[in-house]
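One structure is given below, encoded as structure tokens.
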Amino acid sequence: MIHAGSISNTDRVEPHLLRTFVTVAALGSFSAAARQLGYTQSAVSQHIAALEGDLGVALLHRRPVEPTAAGQRLLDHAGPILRRMEAARADIRRAAGEPPGKVVLGGCPLALAGRAARALAEARRSLPGLEVSVRTAARDAVVGGVALGEIDLGLVDGIVAPSDPLRLHDADFLATAPVAEEPVALALPGEHPLATRSSVRLRDLADANWLDAPGIAAPLGELRAAAGTDDLRSALRYEGGDTRTLLSLVAEGHGLLLLPASALAGVQGVRAVPVSAPRLVHRTELVHGRTLGAAVSALAAALTR
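Per full-length UniProt numbering, the very first residue in the sequence shown carries number 1; after that it's consecutive.
This is how it looks when you write it as structure tokens:
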């Protein structure tokens, strides 16, 4: 167990105090926070007292343990501050070098399909000792994992205007590179009234029911922005990451989707109709730290070749 020493009035807000405060607020308990952080309960109390003393306000109600109004405001700031510090540590570790031959490749489900699988095989042939772990996650989780050093290379995707970069959060200290762009298509059941159309405009689909699947497809909010309308409404939200399950929901008529055309080729019960307006593409980008070791660099080169 870690015992806190004396804390003077000259101390200022430090990361370990913020981390203690966030943990206590999340768990609603000083003793539970102490167990999770490996401190004594007395140390946790001293950390909170030091933080409150520095800011000059009460941050936590004691019974029950929950944030005050000021504490809630601090929580809004504390998360981004702690994530930025972890990202800085990860960036420094990358600059200092990496264990050879070990790479964690993270990506969105559609970004990992096809090209990524082929590039991974190419990289493993050129580096026979390469050990790779593949992790699937939604876009923000992939970018966050790269920023924190939990993922070496990330493949993320989205729907944008041709040649426009993806809008990525928490990527300030990361590098990005384009991997691929391809046409998008509307996925709808084979018996849908629009299934025989040669093309569709998003604006004409304001009254349609849509599937919202942020872990796989572009979030519905992005489609609203692309279509220039707030009328696209969600009929069903899918929280998973399995593309086949998502397409089976389309085939059964639960809602429409906008996906890369290649993801819809040969899917039973689903018809792909090109989108004529606005002009949109499915874009895949590689995300990584600014310093790359040999193994990560080889895989990155294969993915962007």
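Glycine included, each C-beta is placed from N, C-alpha and C at the ideal position. In this text the structure is predicted, and so the values were computed from the model without any measurement.
Beta-carbon proximity of residue i to residue j, cut-off 8 Å
i: L280; j: A208; result: no
i: P260; j: L110; result: yes
i: V179; j: L155; result: yes
i: V24; j: L174; result: no
i: K102; j: A295; result: yes
i: V57; j: T20; result: no
i: G145; j: A218; result: no
i: G215; j: A138; result: yes
i: V143; j: D170; result: yes
i: L18; j: A50; result: no
i: L246; j: Y238; result: yes
i: E181; j: P165; result: no
Beta-carbon contacts of residue i that lie in its chain and below 8 Å, excluding the five residues immediately before and after
i: V22; result: L75, A78, G79, L82
i: R89; result: G149
i: W210; result: L220, L223, L232, R233, S234, A235, G255, L256, L257
i: M85; result: P15
i: A300; result: L153, A177, L286, H288, L292
Cross-strand partners of residue i (DSSP beta bridge)
i: D212; result: R237
i: P260; result: V184
i: G255; result: Paired residues: none, contrary to the question.
i: I48; result: None, per the DSSP bridge assignment.
i: H288; result: L153, A175
i: T136; result: G107
i: V158; result: In the sequence as displayed, the identity of residue 158 is Gly instead of Val. Paired residues: R283.
i: E66; result: H61
i: V200; result: V275
i: E131; result: K102
i: V270; result: P189
Given residue i as reference, the closest of the options once Cα atoms are compared
i: residue 307; options: A137, H192, G28, V103; result: The structure shown does not extend to residue 307, since the chain spans only 1 to 305, so no value can be given for it.
i: A298; options: R125, G145, M85, R19; result: R125
i: L130; options: A138, I216, A121; result: A121
i: A235; options: H254, A217, S248, G241; result: H254
i: I92; options: T304, G293, L303, A300; result: G293
i: V250; options: H192, D231, H282, T229; result: H192
i: R305; options: E285, T291, R290, G289; result: E285
i: L105; options: R135, P165, R167; result: R135
i: A177; options: L246, R283, A137; result: R283
i: A302; options: D172, E181, D242, A117; result: A117
i: D172; options: A50, T243, R290, A49; result: R290
i: P64; options: A26, P278, E252; result: A26
Own chain partners of residue i with C-beta closer than 6 Å, once the 5 adjacent residues on each side are dropped
i: P183; result: A261
i: S31; result: Q41
i: D152; result: V103, V104, V296
i: A33; result: T23, V24, L27, V44
Contact set for residue i: own chain, Cβ-Cβ below 7 Å, skip 5 residues either direction
i: E52; result: A58, L59
i: T229; result: R203, A206
At least 3 beta-carbon pairs within less than 8 Å: the segment 172–191 vs the segment 254–271: With contact defined as three or more Cβ pairs closer than 8 Å, the segment 172–191 and the segment 254–271 are in contact.
Three or more C-beta pairs below 8 Å linking the segment 192–202 and the segment 271–288: With the cut-off at 8 Å, the segment 192–202 and the segment 271–288 touch.
Validate contact between the segment 61–73 and the segment 211–225 using beta carbons, cut 8 Å, 3 pairs: Touching, no.
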